[in-house]
Amino acid sequence: MKLRALQRIKHDGVRYEKNDLLHVEDTKLAQRLINLRAAVAEGVSESSHTHFPSMNDQIESGNIESDDELTDQEVADLLDKHFKPDVLKDDAKELGLEFAGNIGKKKLIELIIQNELENHFLDQIPE
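Using full-length UniProt numbering, read the sequence shown as starting at 1 and increasing by one per residue.
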């Protein structure tokens, strides 16, 4: 299946930039990339693809009560579980965060939360 990247993606060891085309043989993997809103099927515009509300979208819209909002520790645990350090570093740099190149994963996650950039990452986690 041919997909167009909606954001920076790493697939089969190759990094794709936004709007790059990638060919995904495994339909389950292709569907996962689409569900994560990381890519759309080629020929589908970014604005016309189905929007699946993320956890963060649901909190902002009021569909999840404020008591259900994540604590900083819960956010840190999610980021640690779902993201490799190089992905966190690359995305954080793209978001304008400045840090030493040898920063550890735990410190980087703390920095992301302190700068209120966690929503970018939470939106990428499947529910």
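Note that beta-carbon positions come from the ideal geometry of N, C-alpha and C, so glycine has one too. A quick note: this is a predicted structure, and the numbers were derived from the prediction, not measured.
The alpha-carbon of Ala38 is positioned some 10 Å away from that of Leu3.
Distance from the CA of Leu78 to the CA of Glu25, rounded to the nearest whole angstrom, comes to 29 Å. The three-state reading of DSSP puts Arg15 in strand, counting E and B together. Ranking Ile113, Glu69 and Ala41 by CA distance to the CA of Leu6 puts Ala41 first. Remark: C-beta atoms of Ile125 and Asp72 do not approach each other more closely than 8 Å.
Pairing Leu117 with Leu95 gives a Cβ-Cβ distance under 8 Å. If you draw a straight line from the Cα of Glu110 to the Cα of Ala76, it comes to about 7 Å. Non-local C-beta neighbours of Leu36 in its own chain, meaning closer than 7 Å and more than five positions away in sequence, comprise Gln124 and Pro126, ordered along the chain. Residue pairing for Val40: DSSP places it in a beta bridge opposite Arg4. Taking 8 Å as the cut-off, the Cβ atoms of Arg32 and Lys18 do not count as close.
Ranked by Cα distance from Ala92, the first of Glu69, His120, Leu70 and Glu74 is His120.
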